[in-house]
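Participant:
Number of protein chains: 2
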Amino acid sequence: MPSSDSLDLPFDAHAHGRPVVPSRSRWRPLGLDEVTLTGGFWGDLQSLNASTMIDHVEGWLERLGWTGNFDAAAQGRLPLDRQGREFSDSEIYKLLEAMAWETGRTGDVDLDRRLRALAARVAAAQEPDGYISTMFGRSGQRPRWSDLEWGHELYCIGHLVQAGVARARTYGDDEIVRVAVRAADHVCDVFGVDGPQQGVCGHPEIEVALVELYRVTGERRYLDQARLFVERRGHGVLGEIDFGPTYFQDDVPVRDATVLAGHAVRALYLAAAAVDLAVEDDDDELLEAVVGQVRTTLARRTYLTGGMGAHHEGESFGADFELPSDRSYSETCAGIASAMVNHRLLLQTGDALHADAVERVLYNVVATSPAQDGKAFYYTNTLHQRTPGREVAPDEVSPRAASSLRAPFFAVSCCPTNVTRTVASLGAYVASVDDEGVQLHQYAPATVRGDLGDGRVVELEIATSYPDDGRVAVRVLRAPADGWTLTLRVPSWADGARVTGPDGAPSVAAAGYVAVPGPAQGGQVVLDLPVAARWTWGDPRVDAVRGQVAVERGPLVLALESVDLGDDVATAVVSTDAPPVERDGQVLVPVARRDVADASWPFGAERPTAPSDARLVPLVPYHAWAGRGPATMRVWLPVE
Amino acid sequence: MPSSDSLDLPFDAHAHGRPVVPSRSRWRPLGLDEVTLTGGFWGDLQSLNASTMIDHVEGWLERLGWTGNFDAAAQGRLPLDRQGREFSDSEIYKLLEAMAWETGRTGDVDLDRRLRALAARVAAAQEPDGYISTMFGRSGQRPRWSDLEWGHELYCIGHLVQAGVARARTYGDDEIVRVAVRAADHVCDVFGVDGPQQGVCGHPEIEVALVELYRVTGERRYLDQARLFVERRGHGVLGEIDFGPTYFQDDVPVRDATVLAGHAVRALYLAAAAVDLAVEDDDDELLEAVVGQVRTTLARRTYLTGGMGAHHEGESFGADFELPSDRSYSETCAGIASAMVNHRLLLQTGDALHADAVERVLYNVVATSPAQDGKAFYYTNTLHQRTPGREVAPDEVSPRAASSLRAPFFAVSCCPTNVTRTVASLGAYVASVDDEGVQLHQYAPATVRGDLGDGRVVELEIATSYPDDGRVAVRVLRAPADGWTLTLRVPSWADGARVTGPDGAPSVAAAGYVAVPGPAQGGQVVLDLPVAARWTWGDPRVDAVRGQVAVERGPLVLALESVDLGDDVATAVVSTDAPPVERDGQVLVPVARRDVADASWPFGAERPTAPSDARLVPLVPYHAWAGRGPATMRVWLPVE
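Protein chains in written order, with my numbering: chain A, 7 to 646; chain U, 7 to 646.
(1) Can you grab the Cα-Cα spacing for the pair U:Met314 / U:Ile342, in whole Å?
(2) In the segment 456 to 483 of chain U, which residue ranges form an unbroken beta strand (DSSP E) of at least 3 residues, counting only runs that do not cross its ends?
(3) List the endpoints of the continuous beta strand (DSSP E) containing A:Gln530.
(4) Residues in the same chain with beta-carbon distance under 8 angstroms from A:Gly502, minus the five sequence neighbours each way, listed in chain order, please.
(5) Quick check: the Cα distance between U:Gly633 and U:Ser568, rounded to an integer number of angstroms?
(6) Can you list the residues of chain U that A:Gln554 reaches, using a CB-CB cut of under 9 angstroms?
(7) Using CA atoms only, rank isn't needed, just tell me which of U:Pro644, U:Arg69 and U:Ala539 is closest to U:Gln554.
(8) What does U:Gly544 reach in chain A if we use C-beta pairs closer than 9 angstroms?
(9) Answer yes or no: do U:Val482 and U:Gln527 have a C-beta to C-beta separation smaller than 8 angstroms?
(10) Please determine, among U:Ala126, U:Leu359 and U:Val563, the residue with the shortest C-alpha to C-alpha distance to U:Thr388.
(11) So what does DSSP say about A:Thr252, is it helix, strand or coil?
(12) For the alpha helix (DSSP H) that contains A:Pro422, what are its first and last residues?
(13) Less than 8 angstroms separating the beta-carbons of A:Gly268 and A:Phe197?
(14) In whole angstroms, what separates the C-alpha of U:Arg455 from that of A:Glu155?
(15) Which of the residues in the segment 484 to 509 of chain U, read from start to end, lie with their CB under 7 angstroms from any CB of chain A?
(16) Write down the C-beta distance between U:Gln530 and U:Pro508 rounded to the nearest angstrom, noting that I regard them as a contact closer than 8 angstroms.
(17) Taking the alpha-carbon of A:Leu234 as reference, which of A:Gly245, A:Ala189, A:Ala280 and A:Tyr275 has the nearest alpha-carbon?
(18) What's the call for A:Thr264, buried or exposed, on a 16-neighbour Cβ count within 10 Å?
(19) Please report the distance separating the alpha-carbon of U:Tyr472 from that of U:Pro624.
(20) Residues of chain A with CB closer than 8 angstroms to the CB of U:Val602, please, in chain order.
(21) For U:Phe416, I'd like the list of residues in its chain whose CB is within less than 7 angstroms of its CB, leaving aside the five on either flank, ordered along the chain.
(22) Where are the alpha helix (DSSP H) runs, 4 residues long or more, that stay fully inside the segment 275 to 313 of chain U, in chain order?
(23) Just to confirm, is the Cβ distance from A:Val597 to A:Leu571 under 8 angstroms?
(24) Which whole-angstrom value is the C-beta distance of A:Pro586 and A:Val575, which I expect to be below 8 angstroms?
(25) With DSSP collapsed to three states, give me the class of A:Ala174.
(26) Against A:Trp541, what residues of chain U qualify as contacts under a CB-to-CB distance less than 9 angstroms, listed in chain order?
(27) In chain U, what lies closer than 7 angstroms to A:Phe197 by C-beta?
(28) Would you say A:Leu102 lies against chain U (beta-carbon separation less than 8 angstroms)?
(29) Mind pulling the chain U residues with CB within less than 9 angstroms of A:Phe327?
(30) Which residue's Cα is closest to the Cα of A:Gly370: A:Ala565, A:Arg396 and A:Gln89?
(31) Do A:Ala277 and A:Val258 count as a contact pair if the criterion is CB distance below 8 angstroms?
(32) So is A:Phe17 buried or exposed if we call it buried at 16+ other beta carbons inside 10 Å?
(33) What's the call for U:Gly136, buried or exposed, on a 16-neighbour Cβ count within 10 Å?
(34) Against chain U, which members of the segment 236 to 269 of chain A pass a CB distance test of less than 9 angstroms?
(35) For U:Ala294, which residues in chain A fall below 7 angstroms Cβ to Cβ?
(36) DSSP three-state call for A:Val665: helix, strand or coil?
Written as structure tokens, this is what we have:
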């Protein structure tokens, strides 16, 4: 409960549980008490998050002693008893953020109790001046801020601040909010324009957190500090590292960059912060810069799955069109960060490209990470698994990010906690409002309440089994008497989509957004999206997919697994003479297996020929791959 | 000059300047005073090495203070004045080895003086007990052997020992030989079966050096120590590192491995040592293990260029058939190490596969590294350059191994010194002997003197402009009266090769080795190899080359550069309807340029179609690429 030294939060700090609340935007976001996922793919994942994933993560953080680091700090047992890597504090903060969104969403009393207990342990480790880290600053540890390149101190505090923001937005003043505010104040004292430290963090994250804390509290110094961090970066302010300055976006100011480069998560968190900053500062030049970077990144540096990061080395973007399937890094966290950036840009630009990107990455990267039982996760998301690999034991911490199967936890375990906070707050991606009406961006069984302003409220009930089926029925539960507009996204792949208004006359809806007059209460609009399985080809400059084809169904990328082929997918050749077959809820494609002869040298004068004995083989949604144990897998299938 | 405490070297320590002298072998190696390259591709490169590359490397090592580290050690100025990375000592040792082979080859008096001066500076830094390192063991430095995983102490001493071996083999007893012997003795004291240290070095190298030092000195403890190192490895004897134990071949004993894996240079140096050890120990099981590993590696994990190492991350081998062109690491040092291993296996097995591999990697990796002026080097050797990159300034140390253009020197500069020692000793790869006759493995203008034993000597003069032309004329200057056999390698690509004996009747020679009766003095044998440019296709499991074709001419891999295409090679499409055209010493292929439209998303329903406006565009030998400034480049060309 709020204690006596409670914050003086502005009246609207709660903001209906909206994760991102820009001061101005073309479309205004909705929050977790305005959009309720009532089932379906995402609602089920939220339920799994609530029942299992959050518990799983909480248990592992306890078991590995990363949570205990805070107790050790409070009890003076550091550095002796410290466990985990330099950024382990951030996992506890991301868990707190997940708990905050989840309690805000469901009012789960037990989870609220656990959140408070965890927050108290964190609070006990905070220094009197507001500094907090279990890794730095004590006798026997390195001094505070002595390793901005790799130390992750500001990164961790950024996640603490995001936890505080989530709690403030879903509950109000509370201990973790105050811990976050004190830490943010300390950061401003130390890193402000006259502060003793004039650097930035090697891993962007504090920036996006500080802008949102400004939005919660109205305290301009947080915004000013975020601006300082963003503007300092890109001028070689960080020390030299083996990966070079591009790794942490210190080679060129974000304002001058033309495409995202370097470590993907770092680049995307920084881009998210730059959008927020541009919005608050009315800095259209900065906003346009990020829009251009993201457009180019989507056009040239993004996997079919929406994943980002083509190099294992440096966990970084590759060059334009360099998108190797078998070395796809496509970190789950980068997928989450892409959703964050594209959500922010969607609110500003109204460009369906960004909503398409959010949908693609949520279904095909974020949803791919957790196992069906919610107790194991992918860190990287390859598009081509060459060797079946091995099952990771339920009690095993995977030392390597690139496991062939989902692992219960990792030595570097940023992704599982990131998934939990993202899934708990998924509702925020579904819809937005403006003065005229409601925009629907993502399709799921849900209820939506949109406040258009001036007391004009729209309430909707969305019924759909999308993406299994393409029909989305939007029923109007409440509508303003003076009319309103319903705006529906038509994904770029949905050639032949139709929208049917209350009058029952269907009309073709082109890709992008289609606006229809909002029906009165009791009325209904139906959107029909052609989700049938389709062949997808790559730009000829994407060398990695040359001579190959992918299969998509609606927003889902599909994959061929060896367990369905009955053989290593390395030898598969697919025939594209006819469209993929849909039968009994499965997608099947004709696949032949190539006879390969092992030669002493794999290059020679003979051009490979195609096999002919194709048979229909089922594909699986990419997000479900490796659900039946070790397998080899391909998203891109060789063609004849 | 040898000092009074000279070693008691066996009579045949000199061994005609042979780098590798196995105690038993199917074919016996020849040395640098038995094979003289008299011009042509390799002779010219040796001249460039003598005139420029060795000087260049020597100058840079001095300028960067890496040589000065030894002076600082002798003068008690360490660690304060230390420069360079933890392995920088090894560069001085590799330079000493290069100088030793080069003075042995040419008798260059000035270089001999420089070698002695450099050796004296090294000798002054050796501790009384034989230990030598400028990085460890002093007050203010980490203790000796405290970081076997990354410290490279044994690795450096390994290169010192190889320098000592080279000097012993080309000169005899000398200061650097004695420094090497003392260091090796110290290693045996410390790491022997009863020694205080029971580990191995994170980077194999000491093993191959110790076996050869045994071969020079006859001292069995060096062989025993090499065996200990090889047998200890693979059982998790090294500490945990982020890359995992495969990185330094500590996951599985070399005897049990089925394919080379992990860091490519490490894996190959270890394999070379394992061959040597197997030979000395009559350990056929171990020899067969390495033969199998290398055969599989050539069949599945080697680039068309002969390069090895498919991952930048960990500088490591990839999975079977994972050979991305654009992320080819193919480190120059791994190319050198592959030549070392395949040379050793060739001498044991007589399998032309290994001589083919040596030829391929020498022309297309080792020769690719140095610039035409000998003053810049490639560290990695990509098969696909996506961006032109920038010129590295003549005074610039490249911090990154993967520069788009050759760089004068690197922060990690293993490759330039490795190239100098390899080029200086190239003659050793050309020919071998057995009791029956002479085997020619590599074709270059050269003289060869082969001692068959029992006073039977063959002397040959080889005239050829190979690989420009396919004719190799072997003239007999001296031959035993009782007959002998001339064995010639026919490369695997040389379909239709012909050999013409003294009687003038040509006969078809199949790939592999062809043995002909050795002519008497004055006689001649001519080998005609069909070097005409040809299309080369990849095994369909090599995803990275799907829908693409390469062009080879003789042993040379060719490449398309943007400077010849007049456009980025990303849009090139080649037509293979007719063989490549040869005109005025150039190879030309019909290339069309694809019109590419920039879309907001690079994947869609439309299958790319082929362009039709092909015109003939010249290719360059891959080893010469980027010789005309920044360019994009492809070895594998998309086909229609």
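For each residue, glycine too, the CB sits at the ideal point set by N, CA and C.
Facilitator: To lay it out plainly:
(1) Start at 1 with the first residue of the second sequence, and residue 314 of chain U comes out as number 308. Start at 1 with the first residue of the second sequence, and residue 342 of chain U comes out as number 336. Taking the straight line joining both Cα atoms gives about 10 angstroms.
(2) Note on the segment 456 to 483 of chain U: whole beta strand (DSSP E) runs with a minimum of 3 residues are 462 to 470, in chain order.
(3) To locate residue 530 of chain A, count along the first sequence from 1; it is residue 524. Segment Gln530 to Asp534, the beta strand (DSSP E) holding A:Gln530.
(4) Numbered from its first residue, the first sequence carries residue 502 of chain A at position 496. Val514 and Pro536.
(5) The residue labelled residue 633 of chain U in the question sits at position 627 within the second sequence. The residue labelled residue 568 of chain U in the question sits at position 562 within the second sequence. Cα to Cα, U:Gly633 sits roughly 12 angstroms from U:Ser568.
(6) To locate residue 554 of chain A, count along the first sequence from 1; it is residue 548. Counting only Cβ-Cβ distances below 9 angstroms, A:Gln554 has contacts in chain U at Asp549, Arg552 and Gly553, in chain order.
(7) As a first step, residue 554 of chain U must be located in the second sequence, where it is residue number 548. Of the listed residues, the one whose Cα sits closest to U:Gln554 is U:Pro644.
(8) The residue given as residue 544 of chain U occupies position 538 in the second sequence. Chain A residues near U:Gly544: Pro608, Phe609, Gly610 and Pro614.
(9) For this step, residue 482 of chain U is matched to residue 476 along the second sequence. For this step, residue 527 of chain U is matched to residue 521 along the second sequence. Yes, Cβ-Cβ distance for U:Val482 and U:Gln527 is below 8 angstroms.
(10) Residue numbering aside, residue 388 of chain U sits at position 382 when the second sequence is read from its first letter. Ranking the options by Cα distance to U:Thr388, first place goes to U:Val563.
(11) Counting from 1 along the first sequence, the entry for residue 252 of chain A is found at position 246. Reduced to three states, the DSSP call for A:Thr252 is helix.
(12) Position 416 of the first sequence, counting from 1, holds the residue named residue 422 of chain A. Residues Cys420 to Ala430.
(13) Locating residue 268 of chain A in the first sequence gives position 262, counting from the first residue. Locating residue 197 of chain A in the first sequence gives position 191, counting from the first residue. Not a contact, by the Cβ cut-off of 8 angstroms.
(14) Taking the first residue of the second sequence as 1, we reach residue 455 of chain U at position 449. Taking the first residue of the first sequence as 1, we reach residue 155 of chain A at position 149. Going from the Cα of U:Arg455 to the Cα of A:Glu155 covers about 60 angstroms.
(15) Among the residues of the segment 484 to 509 of chain U, those with a Cβ less than 7 angstroms away from any Cβ of chain A are Ser498, in the order of the chain.
(16) To locate residue 530 of chain U, count along the second sequence from 1; it is residue 524. To locate residue 508 of chain U, count along the second sequence from 1; it is residue 502. Indeed they touch by this definition, with Cβ atoms about 6 angstroms apart.
(17) For the purposes of this step, residue 234 of chain A is taken as residue 228 along the first sequence, with counting starting at 1. Out of A:Gly245, A:Ala189, A:Ala280 and A:Tyr275, A:Ala280 has the C-alpha closest to the C-alpha of A:Leu234.
(18) Looking up residue 264 of chain A in the first sequence gives position 258. A:Thr264 is exposed by the Cβ-count criterion.
(19) Counting from 1 along the second sequence, the entry for residue 472 of chain U is found at position 466. Counting from 1 along the second sequence, the entry for residue 624 of chain U is found at position 618. When rounded, the distance between both Cα atoms is 20 angstroms.
(20) Reading the second sequence from its first residue, position 596 is the one you call residue 602 of chain U. Residues of chain A passing the Cβ test: Asp545, Pro546 and Arg547.
(21) Translated into the one-based positions of the second sequence, residue 416 of chain U becomes position 410. Tyr385, Val403, Ser404 and Ala407, listed in sequence order.
(22) 290 to 306
(23) Your numbering for residue 597 of chain A matches position 591 in the first sequence. Your numbering for residue 571 of chain A matches position 565 in the first sequence. Yes.
(24) Along the first sequence, read from residue 1 onward, the residue named residue 586 of chain A stands at position 580. Along the first sequence, read from residue 1 onward, the residue named residue 575 of chain A stands at position 569. A:Pro586 to A:Val575, Cβ: 16 angstroms. No contact.
(25) To locate residue 174 of chain A, count along the first sequence from 1; it is residue 168. In the structure shown, A:Ala174 sits in a helix (DSSP, three-state: H, G or I).
(26) As a working mapping, residue 541 of chain A is identified with position 535 in the first sequence. Simply Ala611 and Arg613.
(27) For the purposes of this step, residue 197 of chain A is identified with residue 191 of the first sequence, where counting begins at 1. The contacting residues do not exist; A:Phe197 stays about 28 angstroms from chain U at best.
(28) Along the first sequence, read from residue 1 onward, the residue named residue 102 of chain A stands at position 96. So, not an interface residue.
(29) Position 321 of the first sequence, counted from the first residue, corresponds to residue 327 of chain A. Those within 9 angstroms of A:Phe327 in chain U are Arg392, Ala576 and Pro608.
(30) Numbered from 1 along the first sequence, position 364 holds the residue referred to as residue 370 of chain A. Looking at the sequence provided, one finds Asn at residue 370 of chain A rather than Gly. Among A:Ala565, A:Arg396 and A:Gln89, the Cα nearest to that of A:Asn370 is on A:Ala565.
(31) Position 252 of the first sequence, counting from 1, holds the residue named residue 258 of chain A. Position 271 of the first sequence, counting from 1, holds the residue named residue 277 of chain A. Result no, Cβ atoms of A:Val258 and A:Ala277 do not sit closer than 8 angstroms.
(32) As a position in the first sequence, residue 17 of chain A is number 11, starting the count at 1. With a pLDDT of only 43 at A:Phe17, under the threshold of 50, the placement of this residue in the model should not be trusted, and no figure is reported.
(33) Walking along the second sequence from the start, residue 136 of chain U turns up at place 130. Buried: at least 16 other Cβ atoms inside 10 Å.
(34) Within the segment 236 to 269 of chain A, the qualifying residues are Glu246, Asp248, Phe249 and Gly250.
(35) Sequence index remark: in the second sequence, residue 294 of chain U carries index 288 (1-based). Looking at the sequence provided, one finds Glu at residue 294 of chain U rather than Ala. Under the 7 angstroms cutoff, chain A gives no residues; its nearest Cβ is about 16 angstroms from U:Glu294.
(36) As displayed, chain A neither begins before 7 nor continues past 646, which places residue 665 of chain A out of reach and without an answer.
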